[in-house]
Each structure stands twice: as C-alpha cells, then as structure tokens.
Amino acid sequence: MTNDTQQRRRIYSEHTASLYFRVQLPEEILPPARKWAPGVVKMQRSIVPARHGLFAIRSVRKGEIIGRFGGRLVPADSIEAYVAKVGKFGHQVHPRWYVCPENADEISRIGAINHSCEPNVGLSDALTLVAMQHIVASKEAPVELLIDYAMTGSPAGGFSGCKCGAPLCRGKITRDDWRIRALQEAYHGYFPPFKARAVQPGTESACALTAALDSLPTLERPPQTLVDCYDAILFDAMGVLISENEALPGAADILARLNMSGQPYYIVTNISSGSDETIFARLRGAGLPIPAVDRIVSAGGVARHRVLEELAAGRLVSYVGSAHAAHDIFGKHPNLHCTDTAETFDTLVVLDDEGFDFKRAADHILSTFQRRLIETGEMPRIIAANADIIYPSKNGSLVFGPSIIGPMLQAGLAPFGAPPISVEFMGKPGRAIFEECIARAGTDRLLMVGDQVDTDINGAKAAGLDALLVTTGLNNCGELRQDENGAPDYVAKNLDQIFDGSLFPHLRSAMHSSTTDQVWAA
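Quick note: the sequence shown uses UniProt numbering, first residue 1, plus one each step.
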C-alpha cells in the first residue's frame with residue numbers, strides 16, 4: 001500500500017443493502033475517536049436521571065476548547081440502520097454525513113455530552129467543542145457541560161421530549177429546532193458549518209472536514225431504473241400512498257423495497273391534521289413501513305416556525321382546523337384561537353377540514369374579513385399549510401379541501417370591492433415545503449411523485465425538481481389539466497414503474513401532451 005493510499009484512505013462500499021458505507025479521511029481531518037481536554041473534563045453521573053455526562057473540573061474561559069469529536073463517517077441515509085446496531089449516538093457534520101463512534105463501548109469509556117435548552121458549550125467548527133461562556137468549576141464543585149442538540153442534529157427521528165429542567169426548556173426537541181430564529185441568534189458562531197451556511201447563506205468556514213466532505217467523490221453504478229437516477233424520492237401521501245387511512249395497493253411494498261435498498265425517501269404531504277409525529281403514526285397505522293418520523297415532511301410542520309413567528313410578533317392568529325390539530329402542531333398560545341371563537345384576528349392559518357364544523361367556521365371567517373375590510377381597508381393575511389382545494393375520497397369521489405376557503409372568501413367579498421386575496425403557501429405547491437425537502441436530503445437531485453398537477457407537479461417544477469405524475473388518486477376522478485410549465489417529466493400508471501426500468505431518463509419526453517394515461521416505456 002502506498003503512502004498516498006495510507007494518507008488518503010480510499011472510499012469503498014459494500015453491497016447497497018449493507019448497514020453503511022465506509023469512508024475514512026486522514027486523522028488530522030477526522031480523528032478516529034472523540035477526545036476531551038485532559039485535566040478539564042471528567043465523566044460522572046449527570047443531573048439527567050440514569051445518565052452519565054461530561055463535567056468541567058476546573059474553570060474554563062469563553063472560547064476555550066473542551067474537546068473534539070471523532071469516529072467513523074456514516075452517510076445520513078444509513079444513520080438509522082447504524083443507530084439500530086450501535087445505539088442512539090451520532091453527531092451530524094454535513095447534510096449527507098454523521099460522525100459516529102465505532103461502538104457503544106466507546107461511549108461508555110469516553111462519555112457523551114448531554115442536551116440542555118440553555119447550553120454552556122457549542123461548536124467552533126464541525127468537530128470542536130468550545131465554551132460559550134465563562135464556566136466556574138473545580139474538582140470539588142464540577143459543572144456539567146451541556147450542548148443544545150439543535151446544534152449537533154439528531155439521527156433516527158430525533159427526540160420526542162425534553163426534561164432538561166432549564167428555565168427556557170422547549171419541552172420538545174426536533175431535528176428542525178436549529179431553524180428557530182431565536183436559537184439562530186443565541187447560538188450565532190456555535191453551529192457546525194453546514195448549518196451556519198443554511199442559517200446565513202454565503203457563510204464560509206475554514207473547517208477542513210467540511211471542505212473534505214463537500215468535495216468527497218461518490219461511487220455510482222450505472223443507473224438501471226428511475227430510482228437510481230435520484231438521490232432521494234419524494235412521495236405525496238393522499239392518493240399516492242394512502243386513501244384516507246388505508247394504504248393503496250402496492251404502496252407498502254414500494255417503501256419496503258426502498259428500505260431494503262437504502263434509498264432515501266420522504267413523505268411530502270399537505271396533511272395538516274397534526275404534528276409530524278401524529279402523521280407518522282397515522283401512516284404507520286395504515287401499514288406503510290416508514291422507518292422514522294424524520295421521513296415526514298408535512299405542510300403543518302413547515303408552517304410551524306412561520307406561525308410561531310407571527311405569535312412571537314404579538315399577532316392574533318386564528319386557524320381553520322380542529323383545536324387538537326393546531327395545538328399538536330403549534331402548542332398552546334394565548335394569541336392562538338379557532339376561527340369560530342375568535343372575535344378578530346390578524347393572521348388566518350389553513351390547516352385541515354376535519355374534526356370541526358367547516359361551514360360554521362367559513363361563515364365566521366367571511367364576516368371577520370368583511371368587517372376588517374370595511375373598517376380598515378385591509379384584510380387578515382392567510383398562511384396555508386394545507387393548500388389542497390380538492391382531493392379524492394375513499395370511494396373515489398371528489399371532495400373539497402380546506403384551501404377552498406380562499407376562493408370562497410374571494411367570491412364572498414367581491415361585492416365589497418375586495419382586492420385579490422393573496423395566500424402564503426407553506427405546503428405544496430408553495431416553495432417552502434420543497435426547500436425543506438432539499439435541506440433534509442442535502443441535495444436537489446430529487447424526484448417528486450404525486451397525483452395532483454396543481455400541487456405536486458407544479459410545485460416541484462417551480463422549485464427546480466423533476467416530477468412524476470402517477471395516474472392514481474385524483475387522476476381516477478377524470479383527466480387532469482396540464483399546462484406546459486407544469487408538465488411532469490414522467491407519467492406512470494403505478495409506483496412499480498420507478499423500479500422496472502420503463503421510465504428511464506434518456507427516454508423521457510418534454511411531455512407537452514395532456515394525456516395522463518400514457519406510459520413512457522422502453
């Protein structure tokens with residue numbers, strides 16, 4: 001073996017169904033194991049029940065190095081399998097990579113840093129832990145070193161609850177907490193470089209590991225099927241994978257096959273009847289073998305941070321949907337009310353059309369908009385999580401979706417000279433939900449699979465993604481209109497075609513035809 005090979009330990013892969021791909025880099029870029037500053041850090045029982053943690057045994061200055069992470073690189077799309085084998089340990093260093101210990105024994109020997117919603121340590125680059133403040137400690141009075149997992153990321157679906165006991169405890173930790181604006185401001189300079197770039201585009205870092213991972217080559221076999229041509233697949237839920245609460249024929253088998261191959265996929269849905277955890281449980285209950293909640297990208301979840309901003313700004317927010325859905329997604333807040341009880345509101349959030357009297361709510365919303373228009377010449381803003389105007393019911397008939405409230409308001413207010421009503425879409429076809437998919441996947445080489453042209457296809461194309469229109473779901477209700485700008489890249493009769501080779505990319509057409517039952521086959 002040459003010195004060059006030893007220094008640049010090459011990348012190699014096992015079979016695609018293996019637990020993980022091995023990637024090694026020089027030790028000066030990625031140490032083989034985590035290491036804490038000698039004479040500064042000691043592992044002992046934590047204030048967190050049944051856990052050990054890391055403690056400072058002498059005072060530490062702000063900015064002083066506490067230690068450095070190290071270990072094995074594991075691809076993000078293999079982290080769930082790795083965690084299932086080794087334990088819930090991993091530190092995300094790149095959209096596509098985690099740094100993980102070789103085994104659980106390493107954690108037992110070296111220790112792991114615990115979470116707090118009020119941390120005293122952060123990251124100065126992808127691997128280096130530093131003090132965020134002056135820490136007064138001694139051997140006689142050690143102080144636990146704590147980091148907010150919003151900085152480090154959370155594999156395998158993340159954490160459902162937090163009991164850190166800090167005065168500002170969020171009560172819940174998710175993999176998207178780093179998107180919270182207050183945390184971005186509080187932790188400025190302490191995020192790993194890949195998150196710093198997302199928080200503030202254009203931010204550059206001198207981190208050697210980040211630079212190495214950005215330029216890391218990948219081994220690829222020649223594509224044989226449509227799945228091979230994309231880094232991840234995005235599936236709509238209603239009409240593609242499920243009908244109400246039942247899996248559509250073949251949907252579970254398709255996801256099981258993707259699970260076996262290790263191909264990343266996400267369920268991108270306008271369903272806004274609850275949090276991502278609630279939707280995950282609903283889809284699992286329908287028989288879909290989705291491995292973790294972080295595979296769910298819901299319109300409600302994407303809207304969450306936007307609505308919390310409205311509430312933080314002191315605006316009165318009313319919602320179209322059940323109280324259970326709103327509280328599950330946003331939590332309870334004194335400025336958050338259901339539409340049929342709020343006397344007035346500044347912002348209307350469109351969630352769902354189930355579990356409440358939609359007609360009564362619509363009447364109340366119309367009266368509120370009309371009153372505000374007459375009194376102030378302005379109307380409340382609308383944020384639509386669920387942008388569906390129609391969707392197919394279980395028996396195949398068409399039903400109105402919650403965003404029919406927009407056209408209803410426009411028609412109802414027309415006699416009063418109302419201007420066109422603008423809507424900020426968080427779900428499909430809005431750009432926000434697709435940007436979330438790109439952020440989670442760490443790539444824009446994604447394929448959207450959907451049954452609705454107006455939401456799934458047009459939204460994906462506007463975001464620069466490829467799209468496949470499957471002739472199930474809404475298409476069973478009749479031929480759908482397609483326009484030239486929103487024409488899908490592929491049309492398929494069933495999901496099996498993403499695997500059978502019939503939709504190979506070099507055969508795809510510009511598809512300016514309006515025929516939805518055409519299959520582009522070899």
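Even for Gly, the Cβ is constructed at its ideal location relative to N, Cα and C.
Euclidean distance between Cα positions of A84 and G161
Position 84 of the sequence shown, counted from the start, is the residue given in the question as residue 84. Position 161 of the sequence shown, counted from the start, is the residue given in the question as residue 161. Each residue's Cα considered, the two are about 20 Å apart.
Pick out whichever of I296, L351, S322 has its Cα sitting closest to the Cα of V307.
For the purposes of this step, residue 307 is taken as residue 307 along the sequence shown, with counting starting at 1. Minimum Cα distance to V307 is reached at L351.
At a cut-off of 7 Å, is I290 close to the ligand MG when judged by its beta-carbon and the heavy atoms of the ligand?
Of ligands this structure carries none, so the ligand MG is not represented either.
Any contact between the stretch 272 to 285 and the stretch 344 to 362? By contact I mean 3 or more CB pairs, one from each, below 8 Å.
With three or more CB-CB distances shorter than 8 Å, the stretch 272 to 285 counts as touching the stretch 344 to 362.
What does M238 pair with, by DSSP beta-bridge criteria?
Your numbering for residue 238 matches position 238 in the sequence shown. Per DSSP, I242.
Count the other CB atoms within 10 Å of the CB of N476; is the residue buried (16 or more) or exposed (fewer)?
As a working note, residue 476 is residue 476 in the sequence shown. Residue placement at N476 cannot be trusted, given a pLDDT of 49 that sits under 50; what the coordinates show is reported in the next sentence. Around the beta carbon of N476, fewer than 16 other beta carbons sit within 10 angstroms, so the residue counts as exposed.
Tell me, please, whether the stretch 166 to 183 touches the stretch 297 to 306 by the rule of three or more beta-carbon pairs shorter than 8 Å.
Contact between the stretch 166 to 183 and the stretch 297 to 306 is present: 3 or more CB-CB pairs across the two stretches fall below 8 Å.
Beta strand (DSSP E) runs wholly inside the stretch 338 to 409, at least 3 long, in chain order:
Fully enclosed beta strand (DSSP E) runs of no fewer than 3 residues occupy 347 to 350, 381 to 384, 390 to 392, 398 to 400 of the stretch 338 to 409, in order along the chain.
Does G417 pass the burial test, meaning 16 or more other C-beta atoms within 10 Å, or should it be called exposed?
The residue given as residue 417 occupies position 417 in the sequence shown. With fewer than 16 other Cβ atoms within 10 Å, it is exposed.
D346 versus G355: straight-line alpha-carbon distance, rounded:
Counting from 1 along the sequence shown, the entry for residue 346 is found at position 346. Counting from 1 along the sequence shown, the entry for residue 355 is found at position 355. Near 24 Å, if we compare the C-alpha coordinates of G355 and D346.
List the residues that DSSP assigns as beta-bridge partners of D466.
In the sequence shown, residue 466 corresponds to position 466, counting from 1. Within the DSSP bridge table, the entry for D466 names L447 as partners.
Give, in chain order, every unbroken run of the alpha helix (DSSP H) that is at least 4 residues long and sits entirely within the stretch 50 to 128.
Residue ranges of uninterrupted alpha helix (DSSP H) with 4 or more members, entirely inside the stretch 50 to 128 and ordered along the chain, are 79 to 86, 104 to 110.
Where does the unbroken alpha helix (DSSP H) through E436 begin, and where does it stop?
Counting from one through the sequence shown, the residue named residue 436 turns up at place 436. Counting along the chain, the alpha helix (DSSP H) containing E436 begins and ends at 431 to 441.
Measuring straight from C-alpha to C-alpha, what distance separates D451 and K195?
For the purposes of this step, residue 451 is taken as the residue at position 451 of the sequence shown. For the purposes of this step, residue 195 is taken as the residue at position 195 of the sequence shown. For D451 and K195, the distance between alpha carbons rounds to 33 Å.
For V399, is the classification buried or exposed, using 16 other Cβ atoms within 10 angstroms of its Cβ as the cut-off for buried?
On the sequence shown, residue 399 is found 399 positions in, with the first residue counted as 1. Within 10 angstroms of the beta-carbon of V399 lie fewer than 16 other beta-carbons, which makes it exposed.
Quick one: give me the first and last residue of the alpha helix (DSSP H) that M151 is part of.
As a first step, residue 151 must be located in the sequence shown, where it is residue number 151. Start and end: 149 to 152.
Inter-residue Cα distance where the pair is L226 and S261
Taking the first residue of the sequence shown as 1, we reach residue 226 at position 226. Taking the first residue of the sequence shown as 1, we reach residue 261 at position 261. Near 14 Å, if we compare the C-alpha coordinates of S261 and L226.
Taking 6 Å as the limit between beta carbons, can you name the residues of its chain near residue 575, skipping five residues before and five after?
Residue 575 is absent from the structure shown; the chain starts at 1 and stops at 522.
Output needed for A432: all residues of its chain with C-beta closer than 6 Å, excluding positions within five of it in sequence on either side, in chain order.
Mapped onto the sequence shown, residue 432 falls at position 432. Same-chain partners within the cutoff: V302, M426.
Where the alpha helix (DSSP H) through R284 begins and ends
Start at 1 with the first residue of the sequence shown, and residue 284 comes out as number 284. 276 to 285 is the span of the alpha helix (DSSP H), which, as asked, contains R284.
Contact between the stretch 321 to 337 and the stretch 286 to 296 is defined here as three or more beta-carbon pairs at a separation below 8 Å; is this criterion met?
Output reads no: the stretch 286 to 296 does not touch the stretch 321 to 337.
Output the boundary residues of the beta strand (DSSP E) element that contains T174.
For the purposes of this step, residue 174 is taken as residue 174 along the sequence shown, with counting starting at 1. From DSSP, T174 is part of no beta strand (DSSP E); its letter is neither H nor E.
Per-residue burial, L168 [other beta carbons within 10 Å of its own, 16 or more giving buried]
Mapped onto the sequence shown, residue 168 falls at position 168. The residue in question, L168, is exposed, as its Cβ has fewer than 16 Cβ neighbours within 10 Å.
Counting Cβ pairs closer than 8 Å, one from the stretch 50 to 58 and one from the stretch 129 to 148, do we hit at least three?
Here the stretch 50 to 58 makes contact with the stretch 129 to 148; the two share three or more CB pairs at distances below 8 Å.
Please determine, among F235, L258, G53, V41, the residue with the shortest C-alpha to C-alpha distance to F499.
For the purposes of this step, residue 499 is taken as residue 499 along the sequence shown, with counting starting at 1. With distances taken between Cα atoms, F499 lies closest to L258.
Excluding the 5 residues flanking I29 on each side, which residues of the same chain have their C-beta closer than 8 Å to its C-beta?
Your numbering for residue 29 matches position 29 in the sequence shown. Non-local beta-carbon contacts of I29 in its own chain, meaning distances under 8 Å to residues more than five positions away in sequence, involve A208, L209, A212 in chain order.
With DSSP as the reference, identify every bridge partner of N44, one or two as the case may be.
Along the sequence shown, one-based indexing puts residue 44 at 44. The amino acid occupying residue 44 in the given sequence is Gln; Asn does not appear at that position. G53, per the DSSP bridge assignment.
Restricting to Cα atoms, I'd like to know which of K35, V93, L248, P119 is closest to A198.
Looking up residue 198 in the sequence shown gives position 198. For A198, the closest C-alpha among the options K35, V93, L248, P119 is that of V93.
When DSSP labels each residue in this structure, what does S261 get in the three-state scheme?
Position 261 of the sequence shown, counted from the start, is the residue given in the question as residue 261. Note: S261 maps to helix in three-state DSSP.
Rounded to whole angstroms, how far is the Cβ of F434 from the Cβ of G459, which I believe are closer than 8 Å?
Counting from 1 along the sequence shown, the entry for residue 434 is found at position 434. Counting from 1 along the sequence shown, the entry for residue 459 is found at position 459. Right, the Cβ-Cβ distance comes to about 6 Å (below 8 Å), so this counts as a contact.
To the nearest whole angstrom, what separates the beta carbons of L127 and G63, a pair I think is in contact under 8 Å?
Translated into the one-based positions of the sequence shown, residue 127 becomes position 127. Translated into the one-based positions of the sequence shown, residue 63 becomes position 63. Incorrect: roughly 16 Å between the Cβ atoms, too far for contact.
Does the Cβ of K332 have 16 or more other Cβ atoms within 10 Å, making it buried, or fewer, making it exposed?
Within the sequence shown, the letter at position 332 stands for residue 332. K332 should be labelled exposed.
Own chain, CB closer than 6 Å to I365, minus 5 neighbours either side, in chain order:
Against the sequence shown, residue 365 aligns to sequence position 365. Cβ within range, chain order: T339.
Pick from P334, A237, L316: whose alpha carbon is nearest that of R284?
Along the sequence shown, one-based indexing puts residue 284 at 284. The shortest C-alpha to C-alpha distance from R284 to any of P334, A237, L316 is the one to A237.
Please confirm whether N386 and A299 have their CB atoms less than 8 Å apart.
Translated into the one-based positions of the sequence shown, residue 386 becomes position 386. Translated into the one-based positions of the sequence shown, residue 299 becomes position 299. Contact annotation: N386 and A299 have beta-carbon atoms nearer than 8 Å.
If you reduce the DSSP assignment to three classes, tell me which class L30 lands in.
Indexing the sequence shown from 1 puts residue 30 at position 30. Under the three-state reduction of DSSP output, L30 falls in the coil class, being neither helix nor strand.
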